[in-house]
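Note that the protein sequences, when read in sequence, are chains B and V. Residue numbering for the first sequence follows our numbering, starting at 5 and increasing by one per position. Residue numbering for the second sequence follows our numbering, starting at 1069 and increasing by one per position. Built from N, CA and C at the ideal position, the CB exists for glycine as well. These notes concern the structure reproduced below.
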Amino acid sequence: MLALMLLIRRFEERASQQYQAQKIGGFCHLYIGQEAVAVGSIAATRPDDYIITAYRDHAHALARGTTANACMAELFGKETGCSRGLGGSMHFFDKKNHMYGGHAIVGAHVPLACGLAFACKYRKEDRVTLCFFGDGAINQGAFHEALNLAALYKLPVVFICENNLFAMGTSVKRSTSLKQIVDRAEGYDIPADIIDGMNFREVRDKLSEIVASIRKDPHPAFVEVRTYRYRGHSMSDPASYRTKDELEKYRLDDPIIRLRAQLTREAKLTNEQFDKIDKQAKDTAIASVKFAEESAGPPLEKLYDYTYVRPRP
Amino acid sequence: MREITYRQALNEALAEELERDPNVFLMGEEVAEYQGAYKVSQGLLERFGPDRVIDTPISENGFAGLGVGAAMVGLRPIIEFMTFSFSLVAFDQVVNNAPNMLTMSGGQFNIPITFRGPNGPAHQLGATHSHATEALYANVPGLKICTPATPRDAKGLLKTAIRDDNPVLVLESELLYSSKGMVEPPDEELLIPLGEAEVKREGSDVSIICYAQTVPLALAAAQLLEEEDISAEIVDLRSIKPLDERAIYNSVAKTHRVVIVEQDRPFCGVGAEVCYRIQKNIFDELDAPVLRVSQEDVPMPYNEKLEKAVLPSTEKLITAVKKVCYA
């Protein structure tokens, strides 16, 4: 799991570089600082559980098993990308790994998560859906409608609010009438918890408990995972709405440093081992850039191929 | 063939498709215990149970989105809007999520969903409840749209829509729910392809292109025109998207004169697109400018007399026909 968090970190650093080199277009929202949330949560699931998230989605795909190559190629708009170069940074999809996107209208995918969970219940499967979104989503109507539906129909879904304190440049304090986000769930009678999102083990363990309880008896759950993004909202955001001191405070609490320290303390990880894992992550990230660069773009002749699905023969 | 109402035809289509495919479910406001706001889903709860005929809270964005999510993993939701005027609350799901998913995912996720319900002005419902949404949705790539005008078309198109692997909007008409027409018996499978117009009446002097509520209106006008020795051909589009251009051109090549009568607003309305295509593709066949009869470009007034003035009518249509016939 440390390896996965490092891979995400190194991948995002490369993506940032490539964006600045104008190899990546559009918007690009980096996840650096939040790695323990996606990795910890997904570590608590089965491979056939459903994952759906918002536009800051690179990490969720990587955590789900989408290759760094497919992710980087998607950022480059290449046909080898996880969405064939048609989705871009905000729309990563990977059907094989049950990654249902990558959704860029804030809050609009929360009802979709209800649909995924509804399908599981409808088919009497014991899959659980994890629905990630940011603190900015909790004031959207779609979010509220979805929570009500999930509670009403007892849908097997975990709503995971990745509270990184800012919806773009607007702090939670300036956007939300509640003192704490977790209280949103109370209005819908959905059991809820607060999790330290900088602590991989806490995320994984609490999510594991929740997922197990949902598998036994379908119901929704809500967690507010407190985390922090080191970078701006997107690549074009200098994040001048927060102080250097605040950023430094969180950097000291870095989820990767924390997990490394835990493992070292328990004598499960040496410095050499860490360096080796980190080198592998860097190499994979660098290789993914090469792969993306060398991949072909989607052919113009296929422009109309994905607007409608053709009738089954 | 037997005579049934438009409402019964839709009900049969729903029942047959629910029976045929366990992945199909019906969801919407008042569809189950209330038996449907317009009784289209009458008896379905009893027959198929609460797991497949599902009441929702008043939450269009939420349950439309739920349908899209369920469709991502292969269920085939039928989402009923009590009226398409309310679909505007779910606009983001219908416009952003359902039709974009296939492209955004590089072809991995198609959305086999049906959005259905009454569309277009009914009678004195005022501005918020009288929207004809077809032009709004027709502008969106990835959606298919059909507009049945008869019980037979209602049944055949709805069944096809449910089986389609893309998001399809079935725009019904409140004013037509009680209208009657001949439909094949239930033991005979009735599927009408999307994108196939139908000539509802043959004629030689003028083509009247219509759909949904304007079909009975056009048929009534044709009867009156007959008395004045003008023979009108009535082309019912049945689907707005895909559009059956061949059927349109065939009729225009025969009559050389066209009036489009539509239930939506004039600015960027369905008729504007049809008219553009006619002049672009068979300009030489035209003996007169194409005219359109649509709503007036105002929010719908409640007052009955004013509402009538806003809506297309037989009189307005006849006037337009006489103009293109120089009669």
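Beta-ladder partner(s) of residue i, from DSSP
| i | result |
| --- | --- |
| V/E1148 | V/G1096, V/R1184 |
| V/I1328 | V/I1277, V/R1360 |
| B/L134 | B/I55, B/V162 |
| V/R1250 | For the record, residue 1250 of chain V in the displayed sequence is Met; it is not Arg. Paired residues: V/E1071. |
| V/V1378 | Paired residues: none, contrary to the question. |
| B/M103 | B/I55, B/D98 |
| V/I1122 | V/M1095 |
| B/F226 | B/F163, B/A196 |
| V/V1238 | V/R1184, V/C1214 |
| V/E1128 | DSSP output for V/E1128 lists no bridge partner at all. |
The ligand FAD heavy atom lying under 7 angstroms from the CB of residue i
| i | result |
| --- | --- |
| V/K1309 | This structure simply doesn't include the ligand FAD, nor any ligand for that matter. |
Residue i classed as buried or exposed, judged by whether at least 16 other C-beta atoms fall within 10 angstroms
| i | result |
| --- | --- |
| V/P1125 | exposed |
| V/R1070 | exposed |
| V/L1134 | buried |
| B/E16 | buried |
| V/V1326 | buried |
| B/R233 | buried |
| V/I1072 | buried |
| V/P1090 | exposed |
| B/C32 | buried |
| B/D221 | exposed |
| V/H1324 | buried |
| V/F1131 | buried |
| B/F163 | buried |
| V/G1142 | exposed |
| B/G29 | exposed |
| B/D139 | buried |
| B/E270 | exposed |
| V/N1129 | buried |
Residue-level contact to chain V via CB, residue i, 8 angstroms cutoff
| i | result |
| --- | --- |
| B/G301 | no |
| B/Y126 | yes |
| B/L134 | no |
| B/P311 | A small fix is needed here, since residue 311 of chain B is Thr in this sequence, not Pro. Yes, its Cβ sits closer than 8 angstroms to a Cβ of chain V. |
| B/R88 | yes |
| B/I109 | yes |
| B/F122 | yes |
| B/H95 | yes |
| B/G140 | no |
| B/L150 | Residue identity check: residue 150 of chain B is Ala in the sequence provided, not Leu. So, interface residue. |
| B/A112 | yes |
| B/Y104 | yes |
| B/K158 | no |
| B/A189 | no |
| B/A117 | yes |
| B/G91 | yes |
| B/K283 | no |
| B/K253 | no |
| B/K82 | no |
Cβ of residue i within 8 angstroms of any chain B Cβ
| i | result |
| --- | --- |
| V/D1119 | yes |
| V/P1209 | yes |
| V/Q1176 | yes |
| V/Q1076 | no |
| V/P1261 | no |
| V/A1206 | no |
| V/S1173 | yes |
| V/A1100 | no |
| V/S1127 | yes |
| V/V1136 | yes |
| V/V1236 | no |
| V/V1141 | yes |
| V/D1089 | no |
Could you tell me which whole alpha helix (DSSP H) segments of length 4 or greater appear in the region 1146-1230 of chain V?
1169-1172, 1202-1206
Contact the region 1197-1212 of chain V vs the region 1133-1140 of chain V: 3+ CB pairs below 8 angstroms:
no
Please list the segments of the alpha helix (DSSP H) lying wholly inside the region 1279-1330 of chain V, counting only runs of 4 or more residues, in order along the chain.
1282-1295, 1313-1323
Do three or more CB pairs link the region 207-214 of chain B to the region 47-62 of chain B at distances below 8 angstroms?
yes
Does the region 77-97 of chain B come close enough to the region 288-301 of chain B that 3 or more CB-CB pairs lie under 8 angstroms?
yes
At least 3 beta-carbon pairs within less than 8 angstroms: the region 95-102 of chain B vs the region 60-71 of chain B
yes
Between the region 1080-1093 of chain V and the region 1208-1227 of chain V, do at least 3 Cβ pairs fall closer than 8 angstroms?
yes
Evaluate contact between the region 1357-1374 of chain V and the region 1327-1335 of chain V, counting only Cβ atoms and requiring at least three cross-stretch pairs below 8 angstroms.
yes
Quick one: which unbroken alpha helix (DSSP H) runs of 4-plus residues sit fully inside the region 249-299 of chain B? Chain order, please.
259-269, 275-298
Can you list, in chain order, the stretches of the beta strand (DSSP E) that have 3 or more residues and sit fully within the region 170-205 of chain B?
196-200
Do the region 234-246 of chain B and the region 170-184 of chain B meet, that is, are 3 or more Cβ pairs less than 8 angstroms apart?
yes
If we count Cβ pairs, one from each stretch, closer than 8 angstroms, do we get three or more for the region 1334-1347 of chain V versus the region 1252-1265 of chain V?
no
Spell out a yes or no on whether the region 179-195 of chain B and the region 1151-1169 of chain V are touching, meaning 3 or more CB-CB pairs, one atom from each, closer than 8 angstroms.
no
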